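Following: one structure in structure tokens, then a few remarks.
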Amino acid sequence: MKPAPFRYERPSSLEEALRALEEAGDEGRVLAGGQSLVPMLNMRLAAPSVLVDVNAISGLDEIATEGEGEAEGEGEGDRRYLVVGALARQRTLERSALAASCCPVLPECLSVVGHVPTRNRGTVGGSIAHADPAGELPVALLALGGEVEVAGPDGVRRIGADDLFVGFLTTSLGAGEMLVRCRFPARRGAVGSGFAEVAPRHGDFAFAIACASVALDESGRIAGARLALGAVADRPLLVPAAGDVLGGSRGAEPALRAAAAAAQAAVDPADSLHAPAGYRRHLVGVLAGRALRQAVAKASEQLTKGGSR
Ligand SMILES: Cc1cc2nc3c(=O)[nH]c(=O)nc-3n(C[C@H](O)[C@H](O)[C@H](O)COP(=O)(O)OP(=O)(O)OC[C@H]3O[C@@H](n4cnc5c(N)ncnc54)[C@H](O)[C@@H]3O)c2cc1C
Numbered sequence: 021m022k023p024a025p026f027r028y029e030r031p032s033s034l035e036e037a038l039r040a041l042e043e044a045g046d047e048g049r050v051l052a053g054g055q056s057l058v059p060m061l062n063m064r065l066a067a068p069s070v071l072v073d074v075n076a077i078s079g080l081d082e083i084a085t086e087g088e089g090e091a092e093g094e095g096e097g098d099r100r101y102l103v104v105g106a107l108a109r110q111r112t113l114e115r116s117a118l119a120a121s122c123c124p125v126l127p128e129c130l131s132v133v134g135h136v137p138t139r140n141r142g143t144v145g146g147s148i149a150h151a152d153p154a155g156e157l158p159v160a161l162l163a164l165g166g167e168v169e170v171a172g173p174d175g176v177r178r179i180g181a182d183d184l185f186v187g188f189l190t191t192s193l194g195a196g197e198m199l200v201r202c203r204f205p206a207r208r209g210a211v212g213s214g215f216a217e218v219a220p221r222h223g224d225f226a227f228a229i230a231c232a233s234v235a236l237d238e239s240g241r242i243a244g245a246r247l248a249l250g251a252v253a254d255r256p257l258l259v260p261a262a263g264d265v266l267g268g269s270r271g272a273e274p275a276l277r278a279a280a281a282a283a284q285a286a287v288d289p290a291d292s293l294h295a296p297a298g299y300r301r302h303l304v305g306v307l308a309g310r311a312l313r314q315a316v317a318k319a320s321e322q323l324t325k326g327g328s329r
């Protein structure tokens, strides 16, 4: 099929892009890597009358760190972020040495996002703005407790991951707003993360995804844990109950099993052709346990190396 007719705009600055989006109102749509939007246009699942292609805007593809304590362990009490421009390609982030050292779970989960050609084109901001419940990057942003920076008619604001995903393919971005940067908390001290998913084939959308982040205090007890799930609800889902179960524990097997059970209890997945609801719920328990176990093991390694939160 062919897309419905649209007007194509290719601004060369953020200001021009925001103006074009504001003028287009509800009829405007950002075009980034096109790996989700173009198929949706071709299948007429989306029919915006104005496409604002943001690929010619420079400076929105940088990957850098920001915040106190440039070296691991420094800047106690302050946060340090891996800041990723919305137009950074998924493949660039997957291969970034900075991402591997600050947020090792990102390259790990990106390696199963679609295929190399889709990751060469698809952007980090596009994946997060698209808010696919089965998207790996939205789940990772939520598990790490990151945030996004959005620009719009009223200036720039930040939205925490907990408030970003509000429904199926829907974020809390307002009319005329564009996502410009993603901020992932950088690993520091005794912090570890874990990622696990089951997909029909490598690169396919997963049946279920789990991503976890765990921070230990100096005594080895869990000071904070976040577990996020994908592909089992209408949006990427944070499971606060899993963090509550683990808080204050040493991340031993009974606590991990209780947290995985809390994750299972938090979902009511739908049936699909290749994965009935009961199978998906079973996967949530298994994958949540795996992701949390990995996160605790990696945080413990960091503690042994000498860092605590
Ligand atoms: C064969 C195939 C397999 C795939 N498999 C996976 C997979 O396993 N996991 C996965 O997560 N994804 C998968 N994808 C989707 C892919 O990751 C997309 O790249 C991503 O979902 C969208 O990023 P994009 O840059 O291509 O955005 P686009 O397709 O250009 O845009 C997607 C949506 O986001 C909006 N948008 C884009 N950028 C911004 C911005 N800066 N501000 C505001 N709104 C914006 C657009 O308006 C549009 O609504 C797959 C895609 C293909 C074609």
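So in my numbering the end of the sequence shown lands on 329, straight run, no missing numbers. Yeah, the Cβ is synthetic: ideal placement off N, Cα and C, and Gly gets one too. Fair warning: this is a prediction, and the values are worked out from it, not measured in the lab.
Original post:
So which of GLU42, GLU88 and GLY87 has the shortest CA-CA distance to LEU71?
Top reply: Here residue 71 is taken as the residue at index 51 of the sequence shown, counted from 1. Ranking GLU42, GLU88 and GLY87 by Cα distance to LEU71 puts GLU42 first.
Original post:
In whole angstroms, what is the alpha-carbon distance linking ALA275 and LEU184?
Top reply: Taking the sequence shown and counting its residues from 1, one reaches residue 275 at position 255. Taking the sequence shown and counting its residues from 1, one reaches residue 184 at position 164. Distance between the alpha carbons of ALA275 and LEU184: 29 Å.
Original post:
Do you know whose CA, among ALA290, LEU162 and LEU247, lies nearest GLY309's CA?
Top reply: The residue given as residue 309 occupies position 289 in the sequence shown. Answer by Cα proximity: LEU247.
Subject >> C-alpha distance - ASP152 paired with LEU126, whole-angstrom precision >> reply: By one-based count along the sequence shown, residue 152 stands at place 132. By one-based count along the sequence shown, residue 126 stands at place 106. For ASP152 and LEU126, the distance between alpha carbons rounds to 17 Å.
**OP:** List the DSSP bridge partners of THR191.
**Re:** One-based indexing of the sequence shown puts residue 191 at position 171. Secondary-structure assignment with DSSP links THR191 through a beta bridge to PHE185.
Subject >> Enclosing alpha helix (DSSP H) for ALA261 [first to last residue] >> reply: If you number the sequence shown from 1, residue 261 lands on position 241. First-last of the alpha helix (DSSP H) with ALA261: 260-266.
**OP:** Pair every Cβ in the segment 156-165 with every Cβ in the segment 64-78, then say whether three or more of these pairs are closer than 8 Å.
**Re:** In short, these stretches do not touch, since the Cβ pair count stays below three.
Subject >> Three-state secondary structure assigned by DSSP to CYS129 >> reply: Along the sequence shown, one-based indexing puts residue 129 at 109. Helix.
Original post:
What do you reckon, are the CB atoms on ILE242 and GLY271 nearer than 7 Å?
Top reply: Position 222 of the sequence shown holds residue 242. Position 251 of the sequence shown holds residue 271. Inclusion of ILE242 and GLY271 in the CB contact set at 7 Å is warranted, their separation being smaller than that value.
**OP:** Check ALA282 in the structure and name its three-state DSSP category.
**Re:** Indexing the sequence shown from 1 puts residue 282 at position 262. Helix at ALA282.
Subject >> Touch test, the segment 143-158 against the segment 98-118, Cβ-Cβ under 8 Å, three pairs minimum >> reply: These segments touch.
Subject >> Cβ-heavy atom distance, THR112 to ligand 1, below 6 Å >> reply: Along the sequence shown, read from residue 1 onward, the residue named residue 112 stands at position 92. No; taking the cut-off as 6 Å, the Cβ of THR112 has no heavy atom of ligand 1 nearer than that.
Original post:
In chain order, which alpha helix (DSSP H) runs of at least 4 residues are fully inside the segment 128-158?
Top reply: 136-141 and 144-150, all fully within the segment 128-158.
Original post:
Can you tell me whether DSSP reads GLY87 as helix, strand or coil?
Top reply: As a first step, residue 87 is located in the sequence shown; it is residue number 67 there, counting from the start. In the structure shown, GLY87 adopts extended strand secondary structure according to DSSP, grouped into three states.
Subject >> Sequence-distant residues of its chain with Cβ nearer than 6 Å to VAL103 (five each side left out) >> reply: Mapped onto the sequence shown, residue 103 falls at position 83. The beta carbon of VAL103 is closer than 6 Å to those of ALA84, GLU86, ARG201 and ARG203 in its chain, skipping five residues each way along the sequence.
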